[in-house]
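**Student:**
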Amino acid sequence: MDLIEIMRNRRSVRKYKNEQIPKEKLNKILLSGLLSASSRGKRPWEFIVVKNKEMLKKMSDCRINSAKMLEGADCAIVVIADSNITDVWVEDCSIAMANMHLTADSLGIGSCWIQCRLREAPTGITTEDYLRELLHFPENYKAEAILSLGIAENHPEPHNLEELSKDKIHWDSF
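Residues in the sequence shown are numbered from 1 upward in steps of one, following our numbering.
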């Protein structure tokens with residue numbers, strides 16, 4: 001499958017079967033994050049892989065109405081970054097998240113991006129602080145997002161290329 005087909009097929013999956021992701025597939029997903037491009041090769045990211053079901057359940061309350069799929073996930077990858085390394089940690093982490101999201105789908109693993117940065121937990125604290133309390137990462141590390149992962153209960157249909165808004169493409173000027 002070429003990259004456009006992988007991108008066309010990639011859809012957010014929020015319901016998972018009660019099955020484990022094969023370790024070799026999880027390792028490939030993590031490698032795709034580590035291989036991601038980053039500004040000046042700084043690679044400020046760190047990945048916290050959570051497989052513990054109790055912890056995933058606690059993490060499902062990290063965001064108002066947006067992280068409940070973690071309860072049914074086989075695992076999650078929390079993408080954080082040392083904000084002292086570079087001022088473009090958000091972009092660098094987003095590239096790593098996108099690569100892992102695409103790789104997961106290409107391997108038949110369902111995934112969903114759960115935004116952390118600038119989001120709030122139901123308790124009123126930031127999603128980042130909520131996760132910091134659970135996962136014990138240092139203050140200088142900032143949370144970008146969580147990638148929930150599991151064997152998809154149902155995979156949504158691929159995107160239809162004819163439905164893309166090609167009017168968003170501008171040549172030579174806006």
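C-beta: ideal position from N, C-alpha, C; glycine also.
Given a cut-off of 8 angstroms, decide if E144 and C93 are closer than it, judged by their beta-carbon atoms.
**Tutor:** Contact flag set, yes.
**Student:** By the 10 Å Cβ neighbour count, where 16 or more other Cβ atoms means buried, how is P44 classified, buried or exposed?
**Tutor:** Result: buried.
**Student:** So for A37, helix, strand or coil by DSSP?
**Tutor:** Looking at A37 - three-state DSSP - the assignment turns out to be coil, as it is neither helix nor strand.
**Student:** Between the C-alpha atoms of E54 and S173, what's the straight-line distance to the nearest angstrom?
**Tutor:** In a straight line, the C-alpha of E54 is about 52 angstroms away from that of S173.
**Student:** Based on Cα-Cα distance, which residue from C62, M100, E24, G72 lies nearest to K15?
**Tutor:** Nearest C-alpha to K15: G72.
**Student:** For the pair the region 15–33 and the region 141–157, tell me if three or more CB-CB distances fall below 8 angstroms.
**Tutor:** Touching, yes.
**Student:** Measuring alpha carbon to alpha carbon, tell me which of M100, S106, H170, W113 ends up nearest I4.
**Tutor:** Minimum Cα distance to I4 is reached at S106.
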